[in-house]
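Trainee: Supplied in structure tokens, the structure appears directly below.
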Ligand code: SF4
């Protein structure tokens, strides 16, 4: 995640995919996080533990085999095993520091998320050493979910066995597309053969929950190929399918090419086409027995297949962020670590602060954050917000609810406000209406 400017549509490029972050992933916007609030994180860590309040850990692996053309993360494709070892050691020193802090003392993580970058870039030996150390620092005996993101081309039977053994419950495969030409055109490191191979091995090892990521609107995507991607997905029958609509943030190779060619619209499908593709995928997945559980996910068995990381995070859980550039949230304070690997490792080794920016949120901001994020699930519970924040959504947002209902975007179902399917796929463009006035014209999240 990076901070980017949202550019409003104009007549010429209306509906086209332009540069900028379209999807809202946090609140208040990153551009409000600052250096002045960094000491608040330290103060929070020195305050008493809140007891049993849910705790998660996000572990960031910033390495990839190759940089995808649509990638805007700071990833490293040139690091050797010595560099990787140095990074892993720095992250474990960071984790120990958190584990020793009064606020986290004796608390155990309920969920762990290995994200990147490419967590499966790490070797089997590195993964065993890393997770043994993590467990020694904070025991995993209360863990409900361990998610691990994988690039299919990095997976072998041995590595998948290691993941299963150290406790991965949710294996997430970054498939993105099943067409080799499209994968190559978009700079992906893997090809479809590796997807089928990795998926079959993972099934054989009986991972609890296998997720497949797809992207609607990659360079050179077509109606016919997209339909074929849905066929392949349904044939594989994963527990969960996550479909992102392609956005083109700054700092991507695609944007740099647009700049060089002085183009304002990205050479990918426009927003209505991407929404049509996701709609088609959702309808066909529903026909195959899946349920739609958020703006981007379809789940085969919603009673059994959960995504605890997302649900806990979106309801305000504490999350320790480990590693370069990672984002955390502790006691109502957002923070992000230093964003360059050398800076991060140097600071960790010198025992200086590795936090780049933070934001001490107000109760009001925490309420809006949860509301915004939970809208992405397609419905929000009136009772939940009343109980947790003492706010009646029907009173507070009567005008907005009325307007969304008249537009056919929303209906009320007992205790819930429910979005129409069409509104669910456009929800990120509607969420800014809920931002506080001081955040309205700012950079988006
Ligand atoms: S695999 Fe993911 S993190 Fe790595 S370059 Fe591609 S999009 Fe970026």
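Residue numbers (our numbering): 15 to 459.
Heads up, the beta-carbon is just placed ideally off N, CA and C, and yes, glycines get one too.
The model shown is predicted, which means the values in this text are computed figures rather than measured ones.
Run through DSSP, which three-state label would residue 343 get?
Mentor: Position 329 of the chain shown, counting from 1, holds the residue named residue 343. Here residue 343 sits in strand by DSSP.
Trainee: Under 7 Å from any heavy atom of the ligand FAD, does the C-beta of residue 82 make it?
Mentor: With respect to small molecules bound, the structure shown includes the ligand SF4 and not the ligand FAD.
Trainee: Can you find the residues in the same chain that come closer than 7 Å, C-beta to C-beta, to residue 408, ignoring five residues on each side of it along the sequence?
Mentor: Position 394 of the chain shown holds residue 408. Cβ within range, chain order: 396, 415.
Trainee: Identify, in the order they occur along the chain, each residue of the same chain with its Cβ nearer than 8 Å to the Cβ of residue 193, setting aside the five sequence neighbours on each side.
Mentor: For this step, residue 193 is matched to residue 179 along the chain shown. Contacts found: 206, 239, 242, 243.
Trainee: The alpha helix (DSSP H) that contains residue 125, what's its start and end?
Mentor: Taking the first residue of the chain shown as 1, we reach residue 125 at position 111. No alpha helix (DSSP H) holds residue 125; the beta strand (DSSP E) holding it covers 125-130.
Trainee: Roughly how many whole angstroms lie between the Cα atoms of residue 359 and residue 104?
Mentor: Numbered from its first residue, the chain shown carries residue 359 at position 345. Numbered from its first residue, the chain shown carries residue 104 at position 90. Going from the Cα of residue 359 to the Cα of residue 104 covers about 6 Å.
Trainee: Go through its chain and collect everything with a Cβ distance to residue 144's Cβ below 6 Å, but skip five positions before and after it.
Mentor: Working through the chain shown from its first residue, we reach residue 144 at position 130. Closer than 6 Å at the Cβ level, and outside the excluded window around residue 144, lie 102.
Trainee: Can you check which of these residues, 353, 329, 319, is closest to residue 335 by C-alpha distance?
Mentor: To locate residue 335, count along the chain shown from 1; it is residue 321. Comparing Cα positions, the closest option is 353.
Trainee: Can you tell which of 146, 124, 303 has its C-alpha closest to the C-alpha of residue 160?
Mentor: One-based indexing of the chain shown puts residue 160 at position 146. Cα-wise, what sits closest to residue 160 is 124.
Trainee: Cα separation between residue 404 and residue 410?
Mentor: Start at 1 with the first residue of the chain shown, and residue 404 comes out as number 390. Start at 1 with the first residue of the chain shown, and residue 410 comes out as number 396. If you take the alpha carbons of residue 404 and residue 410, they lie about 11 Å apart.
Trainee: Heavy atom of the ligand SF4 less than 7 Å from the Cβ of residue 87, yes or no?
Mentor: Locating residue 87 in the chain shown gives position 73, where the first residue counts as 1. At least one heavy atom of the ligand SF4 is nearer than 7 Å to the Cβ of residue 87, so yes.
Trainee: Using alpha carbons as the reference points, say which of 438, 219, 199, 265 lies closest to residue 293.
Mentor: By one-based count along the chain shown, residue 293 stands at place 279. Residue 438 is the option with its Cα nearest to residue 293.
Trainee: By DSSP, does residue 75 sit in helix, in strand, or in coil?
Mentor: Position 61 of the chain shown, counted from the start, is the residue given in the question as residue 75. If DSSP states are grouped into helix, strand and coil, residue 75 belongs with the strands.
Trainee: If contact is defined by three or more beta carbon pairs under 8 Å, each pair taking one atom from either stretch, is the segment 377-391 in contact with the segment 65-82?
Mentor: The segment 65-82 vs the segment 377-391: no contact.
Trainee: Provide the residue span of the beta strand (DSSP E) that contains residue 395, from first to last.
Mentor: Start at 1 with the first residue of the chain shown, and residue 395 comes out as number 381. Note, residue 395: beta strand (DSSP E), 393-395.
Trainee: Just verifying my parser: in three-state terms, what is the DSSP assignment at residue 354?
Mentor: Reading the chain shown from its first residue, position 340 is the one you call residue 354. Correct three-state label for residue 354: coil.
Trainee: My guess is that residue 84 and residue 262 are in contact by the Cβ rule of under 8 Å, so how many angstroms apart are they, rounded?
Mentor: Residue mapping note: residue 84 aligns to position 70 of the chain shown, counting from 1. Residue mapping note: residue 262 aligns to position 248 of the chain shown, counting from 1. The pair is a contact, with the Cβ atoms about 7 Å apart (cut-off 8 Å).
Trainee: CA-CA distance, residue 171 and residue 87?
Mentor: Within the chain shown, the letter at position 157 stands for residue 171. Within the chain shown, the letter at position 73 stands for residue 87. Answer to the nearest angstrom: the Cα atoms are 28 Å apart.
Trainee: Tell me whether residue 295 is buried or exposed, calling it buried when 16 or more other Cβ atoms sit within 10 Å of its Cβ.
Mentor: The residue given as residue 295 occupies position 281 in the chain shown. Residue 295 is buried by the Cβ-count criterion.
Trainee: Are the segment 324-339 and the segment 57-70 in contact at 8 Å, needing three or more beta carbon pairs?
Mentor: Short answer: they touch.
Trainee: Tell me whether the beta-carbon of residue 201 lies closer than 8 Å to the beta-carbon of residue 267.
Mentor: Here residue 201 is taken as the residue at index 187 of the chain shown, counted from 1. Here residue 267 is taken as the residue at index 253 of the chain shown, counted from 1. Yes. Within cutoff.
Trainee: Measuring CA to CA, which of 323, 433, 106, 448 is closest to residue 421?
Mentor: Here residue 421 refers to the residue found at position 407 of the chain shown. Per the Cα distances, 433.
Trainee: Three or more beta-carbon pairs under 8 Å between the segment 374-384 and the segment 314-323, yes or no?
Mentor: No contact exists between the segment 374-384 and the segment 314-323.
Trainee: What ranges does the beta strand (DSSP E) occupy inside the segment 211-292, keeping only unbroken runs of at least 3 residues that lie completely in it?
Mentor: Runs found: 223-230, 254-259.
Trainee: At a cut-off of 7 Å, is residue 165 close to the ligand SF4 when judged by its beta-carbon and the heavy atoms of the ligand?
Mentor: Here residue 165 corresponds to residue number 151 of the chain shown, with the count starting at 1. Correct: residue 165 has its Cβ closer than 7 Å to the ligand SF4.
Trainee: Ordered along the chain, which non-local residues of its own chain (more than five positions away) have a Cβ less than 8 Å from that of residue 61?
Mentor: Reading the chain shown from its first residue, position 47 is the one you call residue 61. These residues qualify, in order along the chain: 116, 117, 345.
Trainee: Nearest by alpha-carbon distance to residue 35: which of 132, 260, 355 is it?
Mentor: As a working note, residue 35 is residue 21 in the chain shown. Comparing Cα positions, the closest option is 260.
Trainee: Which residue comes first and which comes last in the alpha helix (DSSP H) that contains residue 202?
Mentor: The residue you call residue 202 lines up with position 188 of the chain shown. Looking at the DSSP string, residue 202 is not in any alpha helix (DSSP H), and its letter there is neither H nor E.
Trainee: When you compare only the Cα positions, how much space is there between residue 413 and residue 214?
Mentor: Residue numbering aside, residue 413 sits at position 399 when the chain shown is read from its first letter. Residue numbering aside, residue 214 sits at position 200 when the chain shown is read from its first letter. In a straight line, the C-alpha of residue 413 is about 51 Å away from that of residue 214.
Trainee: With DSSP as the reference, label residue 135 as helix, strand or coil.
Mentor: Numbered from 1 along the chain shown, position 121 holds the residue referred to as residue 135. DSSP places residue 135 in helix when its eight states are reduced to three.
Trainee: Does the separation of the CB atoms of residue 272 and residue 280 fall below 8 Å?
Mentor: One-based indexing of the chain shown puts residue 272 at position 258. One-based indexing of the chain shown puts residue 280 at position 266. In this structure, residue 280 lies closer than 8 Å to residue 272 by Cβ.
Trainee: Name the residue from 40, 29, 28, 32 whose alpha carbon lies nearest to the alpha carbon of residue 350.
Mentor: Locating residue 350 in the chain shown gives position 336, where the first residue counts as 1. Cα-wise, what sits closest to residue 350 is 40.
Trainee: If we count the other Cβ atoms within 10 Å of its Cβ and call it buried at 16 or more, is residue 289 buried or exposed?
Mentor: Position 275 of the chain shown, counted from the start, is the residue given in the question as residue 289. With 16 or more Cβ atoms within 10 Å of its Cβ, residue 289 is classed as buried.
Trainee: Should residue 131 be counted as a contact of the ligand SF4 given a C-beta to heavy atom distance under 7 Å?
Mentor: Translated into positions along the chain shown, residue 131 becomes position 117. Correct: residue 131 has its Cβ closer than 7 Å to the ligand SF4.
Trainee: Please indicate yes or no: does the CB of residue 188 lie closer than 7 Å to some heavy atom of the ligand SF4?
Mentor: Along the chain shown, read from residue 1 onward, the residue named residue 188 stands at position 174. Correct: residue 188 has its Cβ closer than 7 Å to the ligand SF4.
Trainee: Could you give the DSSP three-state label for residue 445: helix, strand or coil?
Mentor: For the purposes of this step, residue 445 is taken as the residue at position 431 of the chain shown. Helix.
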